[in-house]
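Residue numbers (this note's numbering): 12 to 319.
In C-alpha cells form, the structure reads like this:
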C-alpha cells in the first residue's frame, strides 16, 4: 500500500505544470521609466506564465551584455517595451527567429522598420489610430467640419494619410500643413487658423516642445479653436482634448498576444501590429469654457479625466 501511495505521489509530482527555462517569457525594458511599470504589472498578472525582466537602463552600450543574458535564458518569447528594447530584441533574434517578439509602447514604430526582414515580430501600436481619434472628436464636437493638421513629413506622413482617409468617412475636411522644424509651427498655425474649426497635432517630436504647446494653448483660446493633442500632459497644459491608449491595458493586450502565440500556435505574421484596445479620453473643462465650447453632461461622462 505504501508503495502504491509513493507511486501516485511521484506521478503527481511529475505531472504538475513545472515551468522549464524554455517556457519563461523574457520581458525587455528600454529603461527604468515609471511608464513601463503599469503595463509590466498587468502583463505579469494576465499572462499566467513565469517571466524574467531585463532592463537596458536606456544605455545602448549595455545592449550586447543584456541581450546575451536574455538569449541565454532560452526564452519562449520576448516582450519588448519601448523603442530601444524593440530594436535590440529584433536584432538579437535575427538568427533565432523561432523566438517570437512582441513589442509595445514604441512611438512611430514604422520608422524602426520592425516588421521588415523578419517574421517573428508582432506588436501593439503606441498610438490610438487617427481614425479612432477623429471618430471621438466627431462624437464630442460634431460641429467640427474643417480640421487643420500640423505635422512633419519625416515622422507623421503615414498618420496624416490615415487621418485623411478616416476624415472622408465622417465628413470632415482636412487641411494639412507640414513643417520641418519646431519653430515653424507658429507660421503653420497662422495659415490654418482662419480656415478651420479645430487643430489636430499627431504624435510628432518635431511639434511637441514646451514653447510650442504654451503658445498653441494661448492662440487656440484667442482664436476660439478646439485643439487636440496626444497626451494627458498637453491637456493639463491647456489643450482641449487628447485621446490616448490606456497604458495599463497594453500589458493585458500583450499577455493576450503571448497566449495566442504560445498556446494557440498563432504566428506573429498573422497578428502584425494591433491598435491598442483600451483608450483614454482627457478633456480640459477650463479651456472649453475659455473658447466657448459647452461640454454637455453626456460628453463629460465619456471622458476618463476632466481637468477643471
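Cβ atoms here follow ideal geometry from the backbone N, Cα and C, with glycine treated the same way.
Note that the structure is a prediction, hence the values are computed from the model and not measured.
Problem set entry | Three-pair Cβ contact test at 8 Å for the region 187–197 versus the region 218–232 | The region 187–197 is in contact with the region 218–232.
Exercise. Under the rule that 16 or more other beta-carbon atoms within 10 Å means buried, what is residue 83, buried or exposed?
Worked result: That one is exposed.
Exercise. Which whole runs of the alpha helix (DSSP H) in the region 90–134 are 4 residues long or more, in chain order?
Worked result: Taken in chain order, the unbroken stretches of alpha helix (DSSP H) that lie wholly in the region 90–134 and span 4 residues or more are 94–103.
For this session: Examine the ligand NAD and report whether any of its heavy atoms sits within less than 6 Å of the Cβ of residue 98.
Result: The ligand NAD is not among the ligands present in this structure, which contains no ligands whatsoever.
Exercise. Can the beta-carbon of residue 213 be found less than 7 Å from the beta-carbon of residue 162?
Worked result: Yes. Within cutoff.
Problem set entry | Within 7 Å, strictly: CB atoms of residue 340 and residue 184 | Coverage of the chain is limited to positions 12 through 319, which leaves residue 340 absent and any answer about it impossible.
Exercise. Between residue 303 and the rest of its own chain, which residues show a CB-CB distance below 7 Å, the 5 nearest in sequence each way excluded?
Worked result: Counting only Cβ-Cβ distances below 7 Å, and skipping sequence neighbours, we find 235.
Exercise. How about residue 269 and residue 88: do their beta carbons lie closer than 7 Å?
Worked result: Yes, Cβ-Cβ distance for residue 269 and residue 88 is below 7 Å.
Exercise. To the nearest whole angstrom, what separates the beta carbons of residue 263 and residue 57, a pair I think is in contact under 8 Å?
Worked result: Yes, residue 263 and residue 57 are in contact; Cβ-Cβ is about 5 Å, under 8 Å.
For this session: Give a yes or no on whether 7 Å exceeds the smallest Cβ distance from residue 131 to chain D.
Result: Included in the structure is just one protein chain, with no chain D present.
Problem set entry | Pick from 275, 237, 243 that is closest to residue 298, judged by C-alpha positions | Answer by Cα proximity: 237.
Problem set entry | Simplified DSSP assignment, three categories, for residue 310 | Collapsing the DSSP output to three states places residue 310 in a helix.
Exercise. Going along the chain, which residues of its own chain have a beta-carbon closer than 6 Å to the beta-carbon of residue 94, five neighbours each way excluded?
Worked result: Taken in chain order, the residues that qualify are 117.
Exercise. Can you list, in chain order, the residues of its chain whose CB lies under 6 Å from that of residue 64, leaving out five sequence neighbours each side?
Worked result: Result list for residue 64: 38, in chain order.
For this session: Answer yes or no: do residue 76 and residue 67 have a C-beta to C-beta separation smaller than 7 Å?
Result: Not in contact: residue 76 and residue 67 (Cβ atoms no closer than 7 Å).
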